[in-house]
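Colleague: Note that the sequence shown covers residues 9 to 123 in my numbering.
Idealized CB from N, CA, C, for every residue including glycine.
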Amino acid sequence: MTHNKEPIPGTVMFDGTQAMKGYALNKMCYSFNNKQNREEFLADEEAYMDKYGLNDEQKQAVRDKVVLDLIAAGGNIYYLAKFAGMYGLNVQDVGAQQTGMSVEDFKEKLRRAGE
9 MTHNKEPIPG TVMFDGTQAM KGYALNKMCY SFNNKQNREE FLADEEAYMD KYGLNDEQKQ
69 AVRDKVVLDL IAAGGNIYYL AKFAGMYGLN VQDVGAQQTG MSVEDFKEKL RRAGE
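1) My understanding is that Gly103 touches Phe114, with C-beta atoms under 8 Å, so please give their C-beta distance in whole angstroms.
2) Taking only runs that begin and end inside the segment 48 to 113, name each unbroken alpha helix (DSSP H) of 4 or more residues, in chain order.
3) Quick one: any contact between the segment 104 to 112 and the segment 50 to 68, if contact means 3 or more CB pairs under 8 Å?
4) Under 7 Å Cβ to Cβ from Met9, same chain only, skipping five residues before and after it: list those, please.
5) Terminal residues of the continuous alpha helix (DSSP H) containing Gly24?
6) Just to confirm, is the Cβ distance from Glu53 to Val70 under 8 Å?
7) Using only CA atoms, which one of Arg120, Lys73 and Tyr86 lies nearest to Asp101?
8) Shortest alpha-carbon distance to Thr19 belongs to which of Asn84, Met94 and Ala121?
9) If the criterion is Cβ atoms closer than 8 Å, does the pair Ala81 and Gln66 meet it?
10) Can you name, in chain order, every residue of its own chain whose Cβ lies under 6 Å from the Cβ of Gly61, other than the five neighbours on each side?
11) Compare the beta carbon distance of Asn42 and Tyr87 with 8 Å and say whether it is the shorter of the two.
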């Protein structure tokens with residue numbers, strides 16, 4: 009079996025380096041599986057980010073709520089899903105961010121693809 013090692017243009021590959029880079033961010037996002045932790049984060053985001061040791065890049069990505077920036081900062085999409093959900097972002101919102109489209113245009117693209 010052959011594995012393609014060539015990067016996909018515009019895609020951040022989640023590898024060992026990214027996993028190490030994003031450890032604090034992903035650990036924080038994993039904590040959001042607990043409702044009490046989500047409430048603590050929403051009450052004081054800055055203190056919660058400090059509690060988990062996020063770096064400046066990760067903190068800014070969290071403040072901006074841009075999933076692509078979170079991924080670039082080492083975030084794993086599976087851990088980021090809980091973060092995105094706290095702000096009402098769904099898969100279509102994330103897809104729109106990834107493609108640079110508006111949510112409405114992204115939904116229309118999906119609808120047309122299903123025809």
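Modeller: Result, derived from the coordinates:
1) The Cβ separation is near 5 Å, so the contact holds.
2) 53 to 60, 64 to 72, 75 to 80, 85 to 94 and 99 to 107
3) Verdict: no, contact absent.
4) Its pLDDT being 46, under 50, Met9 is placed unreliably by the model, and nothing is read from it.
5) Gly24 to Lys29
6) yes
7) Distance check between Asp101 and each of Arg120, Lys73 and Tyr86 places Lys73 closest, using alpha-carbon atoms only.
8) Asn84
9) yes
10) Ala32
11) no
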